[in-house]
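Numbering (the numbering used here) for the sequence shown: 313 to 846. From the three backbone atoms N, C-alpha and C, an ideal C-beta is built for every residue, glycine too. Only a predicted model underlies this, so the values are computations on that prediction, with no experimental measurement involved. To keep things clear, I will list the structure first and then write my remarks on it.
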Amino acid sequence: ALKGRDTFCRKSTQSIRQRGTWVRKMQWLCNQTNQPRYAWLRELGLQEENPGVYNGRWGGSGEVVTTYCPANNEPIARVRQASLEDYEETVKKAKEAWKVWADVPAPKRGEIVRQIGDALRQKIKVLGSLVSLEMGKIFVEGVGEVQEYVDVCDYAVGLSRMIGGPILPSERPGHALIEQWNPVGLVGIITAFNFPVAVYGWNSAIAMICGNACIWKGAPTTSLISVAVTKIIAKVLEDNKVPGAICSLACGGAEIGTAMARDERMDLLSFTGSTKVGKQVALMVQERFGRSLLELGGNNAIIVFEDADLNLVIPSTLFAAVGTAGQRCTTARRLFLHESIHDEVVAKLAKAYAQVRIGDPWDSDTLYGPLHTKEAVKMYLDAVEQAKQQGGSVVCGGKVISRPGNYVEPTIVTGLPHNAPIVHTETFAPILYVLKFKAEEEVFTWNNEVKQGLSSSIFTKDLGRIFRWLGYSSDYFSIFLKHSIAVFHVSCGEKHTGGGRESGSDSWKLYMRRSTCTINYSKDLPLAQGIKFQ
Numbered sequence: 313a314l315k316g317r318d319t320f321c322r323k324s325t326q327s328i329r330q331r332g333t334w335v336r337k338m339q340w341l342c343n344q345t346n347q348p349r350y351a352w353l354r355e356l357g358l359q360e361e362n363p364g365v366y367n368g369r370w371g372g373s374g375e376v377v378t379t380y381c382p383a384n385n386e387p388i389a390r391v392r393q394a395s396l397e398d399y400e401e402t403v404k405k406a407k408e409a410w411k412v413w414a415d416v417p418a419p420k421r422g423e424i425v426r427q428i429g430d431a432l433r434q435k436i437k438v439l440g441s442l443v444s445l446e447m448g449k450i451f452v453e454g455v456g457e458v459q460e461y462v463d464v465c466d467y468a469v470g471l472s473r474m475i476g477g478p479i480l481p482s483e484r485p486g487h488a489l490i491e492q493w494n495p496v497g498l499v500g501i502i503t504a505f506n507f508p509v510a511v512y513g514w515n516s517a518i519a520m521i522c523g524n525a526c527i528w529k530g531a532p533t534t535s536l537i538s539v540a541v542t543k544i545i546a547k548v549l550e551d552n553k554v555p556g557a558i559c560s561l562a563c564g565g566a567e568i569g570t571a572m573a574r575d576e577r578m579d580l581l582s583f584t585g586s587t588k589v590g591k592q593v594a595l596m597v598q599e600r601f602g603r604s605l606l607e608l609g610g611n612n613a614i615i616v617f618e619d620a621d622l623n624l625v626i627p628s629t630l631f632a633a634v635g636t637a638g639q640r641c642t643t644a645r646r647l648f649l650h651e652s653i654h655d656e657v658v659a660k661l662a663k664a665y666a667q668v669r670i671g672d673p674w675d676s677d678t679l680y681g682p683l684h685t686k687e688a689v690k691m692y693l694d695a696v697e698q699a700k701q702q703g704g705s706v707v708c709g710g711k712v713i714s715r716p717g718n719y720v721e722p723t724i725v726t727g728l729p730h731n732a733p734i735v736h737t738e739t740f741a742p743i744l745y746v747l748k749f750k751a752e753e754e755v756f757t758w759n760n761e762v763k764q765g766l767s768s769s770i771f772t773k774d775l776g777r778i779f780r781w782l783g784y785s786s787d788y789f790s791i792f793l794k795h796s797i798a799v800f801h802v803s804c805g806e807k808h809t810g811g812g813r814e815s816g817s818d819s820w821k822l823y824m825r826r827s828t829c830t831i832n833y834s835k836d837l838p839l840a841q842g843i844k845f846q
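This is the structure we're talking about:
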């Protein structure tokens with residue numbers, strides 16, 4: 313049912329700005345939403361033109377943006393973005409909704425989050441199809457991404473009955489100390505194109521059970537996904553007779569993102585995106601002494617020692633480097649191979665690359681889809697050229713695939729030194745730099761020398777080496793032992809990857825503020841430091 317979507321209307325939307333309004337030159341715009349084979353888009357409530365603002369009601373008065381399918385660069389539908397006036401109204405409504413939501417007991421908040429998970433589960437295939445259509449990742453990954461949101465909802469339900477502070481012993485007789493956790497208030501969530509559903513889910517599910525209201529700004533190029541997910545959530549909130557503005561949406565670009573970063577009413581801002589933009593966001597938030605949670609770039613490495621099981625190394629590396637067309641923050645970009653196995657692994661890996669099935673994302677046989685935009689293709693070609701200029705040899709790939717859409721060949725580059733500038737540059741594309749090493753100490757140092765600190769993986773049977781790696785030898789946030797690094801995990805990172813935590817044991821604390829309450833249940837009033845005024 314998901315095959316055959318490569319026949320799209322050849323008309324393209326053209327808009328020009330004229331006297332503050334958007335005038336469409338082509339009145340007969342044809343896109344997927346009005347073709348019978350794409351009737352499934354209407355199951356998600358999507359139309360030819362969609363409002364991109366939700367704060368209890370749908371609206372939007374900003375620019376109209378057309379989103380495109382990366383598999384053929386044909387238009388899908390249009391979304392009217394938020395204006396600054398829309399944003400201002402949405403913040404006010406979200407703040408009012410928070411007062412209602414914070415008064416709801418945490419277990420009851422968890423019950424509503426559970427219902428959101430169930431609603432997503434019911435739409436998992438059609439929503440996964442939309443992720444494939446608009447983002448470009450293969451269908452099974454699109455469904456898997458929605459499943460991540462469902463899983464976090466399930467996790468949040470249990471957490472809603474467990475969060476709380478301890479009663480602490482006091483050095484004063486007749487006194488008790490209680491840690492009280494309260495919601496921070498309004499959580500802004502800015503997500504990237506590569507995980508347009510899951511990252512919002514990681515943040516919103518936990519933020520909601522903690523008693524916060526949320527405002528979401530997704531990537532403009534995946535605005536339809538943001539609208540579709542919000543429609544599912546809004547229905548659950550409305551059915552439970554709680555304000556829809558608890559989960560507000562403000563589609564938009566840099567203007568809305570900047571407003572969120574600078575807004576003192578935004579009690580926590582979670583940003584997922586590039587290190588360059590993340591640094592700008594962090595500075596804007598810090599300038600107002602605000603809180604931020606940053607999940608930025610990753611220049612992730614796999615280290616393979618001479619005793620490694622290559623039957624595990626090859627498939628793990630293949631998925632880590634090629635999955636999602638190299639557009640995961642956890643994508644493997646550096647492969648360190650011991651010199652004794654270097655040539656063997658490269659040969660086997662090149663053979664595995666040649667067998668990767670490339671095709672339409674929604675085809676169940678496809679394992680590798682397109683890059684998200686034409687700009688990403690240009691970045692890929694630039695990186696390949698830089699690698700050659702810096703002494704690298706392209707073992708396989710390195711070219712654009714001759715077919716409609718943003719398809720490029722998954723690429724392996726050898727012969728570069730560990731400190732080559734391009735090796736230290738994160739390129740959001742399927743390019744793997746294979747580097748040769750001799751000794752444990754040097755490869756551990758090389759692994760850590762890049763500025764990012766997201767995830768890394770090691771393949772070895774030496775137990776001592778494993779524990780040396782688990783200690784201070786690694787300055788990465790997520791460490792995998794004999795496992796692919798491109799898997800769902802506790803996210804965020806170290807160094808230029810950002811900071812904070814999405815999911816995991818105590819991630820909920822970021823979405824709350826802690827107060828310590830001192831209770832005197834005695835009849836005496838001892839003063840600090842033994843001071844007596846009488």
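Query                                                                                                                                                                        : Result
Name, in chain order, the residues that DSSP records as bridge partners for GLN492.                                                                                          : SER827
Rounded to a whole number of angstroms, what is the C-alpha to C-alpha distance between TRP493 and SER714?                                                                   : 56 Å
According to the neighbour-count rule (16 or more other Cβ atoms, all chains shown, within 10 Å of its Cβ), is ASN506 buried or exposed?                                     : buried
DSSP puts CYS708 in a beta bridge; with which residues?                                                                                                                      : ILE724
What distance in whole Å lies between the Cβ atoms of LEU498 and TRP410, which are believed to be in contact at a cut-off of 8 Å?                                            : 6 Å
For ASP398, does the count of other Cβ atoms within 10 angstroms reach 16, so buried, or fall short, so exposed?                                                             : buried
Helix or strand or just coil, what does DSSP make of PRO363?                                                                                                                 : strand
Who are the Cβ neighbours of MET824 in its own chain at under 7 Å, not counting the five residues just before and after it?                                                  : TRP493, ASN494, PRO495, VAL496 and CYS522
Check whether the Cβ atoms of VAL755 and ARG577 lie closer than 9 Å to each other.                                                                                           : no
Which residues in the same chain as GLY704 place their Cβ atom closer than 6 Å to its Cβ, once the five residues preceding and following it in sequence are excluded?        : VAL725, GLY727 and LEU728
Can you look up ASP836 in the DSSP assignment and give me helix, strand or coil?                                                                                             : coil
Please classify ARG646: does DSSP put it in a helix, a strand, or coil?                                                                                                      : strand
Ignoring anything shorter than 4 residues or poking outside the stretch 664-718, list the alpha helix (DSSP H) runs there in chain order.                                    : 686-701
If you pair each beta-carbon of the stretch 645-664 with each one of the stretch 690-701, do three or more pairs fall below 8 Å?                                             : no
So for HIS730, helix, strand or coil by DSSP?                                                                                                                                : coil
Does the separation of the CB atoms of LEU744 and ALA644 fall below 9 Å?                                                                                                     : yes
Are the CB atoms of GLY585 and ILE502 within a distance shorter than 9 Å?                                                                                                    : yes
Just curious, the alpha helix (DSSP H) that LYS411 is in, first and last residue?                                                                                            : 396-414
For ILE653, which three-state DSSP category applies?                                                                                                                         : coil
What are the uninterrupted segments assigned as alpha helix (DSSP H) that are 4 or more residues long and contained completely in the stretch 606-645, given in chain order? : 622-634
Could you check the C-alpha separation between LEU747 and TRP758 for me, to the nearest Å?                                                                                   : 10 Å
Do you know how far the Cα of VAL443 is from the Cα of SER827?                                                                                                               : 41 Å
Starting from PRO387, trace the alpha helix (DSSP H) both ways and give me its first and last residue.                                                                       : Not the alpha helix (DSSP H): PRO387 falls in the beta strand (DSSP E), residues 386-392.
If you drop the 5 nearest sequence neighbours on each side, which residues of the same chain put their C-beta closer than 8 Å to that of THR678?                             : ILE450, PHE451, ARG669, ILE670, GLY671 and ASP672
Indicate whether LEU358 and LEU561 have their beta-carbon atoms separated by less than 9 Å.                                                                                  : no
Check each candidate in ALA383, THR685, PRO348 and VAL391 and name the one with the smallest Cα separation from VAL377.                                                      : VAL391
Helix, strand or coil for THR325 per DSSP?                                                                                                                                   : Because THR325 carries a pLDDT of 31, less than 50, the predicted location of this residue cannot be relied on, and no value is offered for it.
Output yes or no for whether 9 Å exceeds the beta carbon distance between ARG426 and ASP466.                                                                                 : yes
Identify whether ILE509 lies in helix, strand or coil by the three-state DSSP scheme.                                                                                        : Ile is not the amino acid found at residue 509; the sequence shown has Val there. Here VAL509 sits in coil by DSSP.
What are the residues that DSSP puts in a beta bridge with VAL376?                                                                                                           : ARG392
Tell me which same chain residues have a C-beta within less than 7 Å of the C-beta of VAL455, skipping the five on either side of it?                                        : ILE436, LYS437 and GLY440
Does the separation of the CB atoms of GLY717 and ASN384 fall below 9 Å?                                                                                                     : yes
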